[in-house]
Every structure is written in C-alpha cells, then in structure tokens.
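Numbering (our numbering), first residue to last: 872 to 1104. Every residue, glycine too, gets a C-beta built ideally from N, C-alpha and C. None of the values given here were measured: they were computed from a predicted structure.
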Amino acid sequence: MTGPTDPAAKPDPTETERRIEALLFAAAGPLSLDDLARRLPEGSDVDKAVAGLQVRYAGRGVELVCVSDRWRFQTASDLAFLMTVEREEPRRLSRAAQETLAIIAYHQPVTRAEIEAVRGVQASRGTLDVLLELRLVRMRGRRRTPGRPVTYGTTDAFLEHFGLASLADLPGAADMRAAGLLSLDLPADFNVPTPGLSAPEEDPLEPGDDTPEFHMDFLGDPGDEGKGPAGAA
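In structure tokens:
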C-alpha cells in the first residue's frame, strides 16, 4: 500500500500544472513537452496539464501559447500596446558633420564646394543629408555664379539647439581661445568669419529646388571622407 507521498504514486494533476507553470515562467525560452517531462516526476500527464493551463490562462493578460511545438507564456496580443515605450534618443553628429555644421554657421551662405575648400577634404555622401534631416541646416538659395550652386545656411532649430539668440552670439576667436578650441600658434591677424557679412549675391530657391538634389553632389562612398578633392589620400 502506498501513501500519498510515496514516489511511486501517480503525480497529482494539480501539482503537475503548478510545476509546469513554474517551469514555463522561469524558462529563458519556449519549452517542448519533452523538456517539461524530463523535469517532472515519472508518469506526469504533461499533455493534460498544459491543456489545462492553456484554458485557465485564455483571455487573460498573459496567455500560454505554442510556438514551433514549444510552449511559453507571453503577453496577450491585444495588450501589446501597453509594452510600447516611446523615447527620444539623442543623435550624435560625426566629426565630419560637426565640422561641416561649423563651416556653414560661420560662412553662410556657403556652397558645397566652399565647404570642401575650407575643410580641405571631399565631403562624403550623407554628411549634409544628416544636417538637413535634423533641420540644423537648410538650402537657402542659388549663388549667382556659373552653375548656380545651391547655398546652405543654418536654421532657427540650430539657434535653439545651441541656445543662441542670433548668429551674432556665435563665439568669436577670443571666446574660442579661452575655451581651448583654437591653437595659440595661430597668426595674430586670424579672425573668425562673421556669418552673412559681405555675402555673395544669391537668388532665392525656385519651385522644386527644395527637393534634396544635393544627393547628386555626394556621389562618393562614405569611405571617401578624409580624401582630397581629387580623391587622393
């Protein structure tokens, strides 16, 4: 005669459900019926216990589902929206984008060719894309020179981002030296350009000019960044 605690006794169905419930909650991934059976006393009716759990959890916030012949608990599909968290991730500018933005800020209105001339390297595809996408830079107009290249300038979002009331509040040479941003070996007559001062004449953008045609200007690969205008190292 066997007692209720005798290992040879048939496992209690309710206890089997409890154990399977615990195993599935603790598992790192879905478990098959064989996985569950290996962790339960011999003779446990795994199929019946899983079916019972599935019925008990049906319609609740957490449901028991079968995924590729394996079982797991997961949030009910109609409550998935509760798990969604929206947050803003700050987007860090690359060094090339920072340099390009600084050149545009101080030399605006400025063309892509002029940006390359100041930086001394050919602009990579995507540098202006990022600045335009972040609305830190805008297409201003077209320079009254052969080819009528597009000119670029900063936006109100640029001023807001850097806490500037106007472009006149951009730091000058003295401020940059005090902040350690300029070398002390610079010539005594070195000056930081004033944005918009004696700017070359430009025409306003025409209908359709606000499309990102600058993509055609950035035909080099991203790996071209740092090469000279002719592509030389």
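DSSP-derived helix/strand/coil call for residue i
i: Arg966; result: helix
i: Leu835; result: Residue 835 is absent from the model: the chain starts at 872 and stops at 1104.
i: Arg1014; result: strand
i: Thr955; result: coil
i: Glu960; result: coil
i: Val1008; result: strand
i: Pro1146; result: Residue 1146 cannot be examined here, being either before or after the span of the chain that is shown, 872 to 1104.
i: Thr971; result: helix
i: Val936; result: strand
i: Val1021; result: strand
i: Thr887; result: helix
i: Leu1003; result: helix
i: Glu892; result: helix
i: Arg909; result: helix
Spatial distance of residue i from residue j (CA atoms)
i: Arg927; j: Leu1003; result: 54 Å
i: Thr955; j: Asp940; result: 28 Å
i: Val1021; j: Gly930; result: 60 Å
i: Thr1082; j: Ala976; result: The predicted position of Thr1082 is uncertain, since its pLDDT is 49 and thus under 50; no value can be drawn from it.
i: Arg1009; j: Leu1041; result: 18 Å
i: Asp906; j: Gln945; result: 18 Å
i: Ser915; j: Leu895; result: 16 Å
i: Leu972; j: Glu1072; result: 21 Å
i: Ile986; j: Val1001; result: 15 Å
i: Ala947; j: Ala1039; result: 56 Å
i: Arg1015; j: Phe1029; result: 26 Å
For residue j and residue i, believed in contact at Cβ under 8 Å, the rounded distance
i: Val992; j: Ile974; result: Not really, about 12 Å apart at Cβ, beyond 8 Å.
i: Thr998; j: Ala967; result: 5 Å
i: Leu1144; j: Trp942; result: The requested residue 1144 does not occur in the structure, where the chain is confined to residues 872 to 1104.
i: Glu888; j: Ala920; result: 5 Å
Residue i versus the options, residue with shortest Cα-Cα distance
i: Pro884; options: Asp905, Arg909, Asp906, Asp918; result: Asp918
i: Asp1074; options: Arg1011, Leu902, Val938, Glu913; result: Arg1011
i: Gly1018; options: Arg1006, Ala984, Leu1005, Asp1040; result: Ala984
i: Ser903; options: Ile891, Glu913, Gly914; result: Ile891
i: Leu1076; options: Arg1013, Leu1041, Gly1034, Phe1029; result: Arg1013
i: Asp1027; options: Gly1043, Asp1040, Ala1039, Leu1007; result: Leu1007
i: Pro882; options: Glu913, Leu953, Ser948; result: Glu913
i: Val938; options: Thr1016, Arg1015, Gly900; result: Gly900
i: Glu970; options: Gly932, Phe952, Ser995; result: Ser995
i: Tyr1023; options: Phe952, His1032, Pro980, Leu953; result: Pro980
i: Thr982; options: Phe952, Thr1025, Glu886, Ala897; result: Thr1025
Task: Three CB pairs or more closer than 8 Å across the stretch 951 to 966 and the stretch 917 to 927 - done: no
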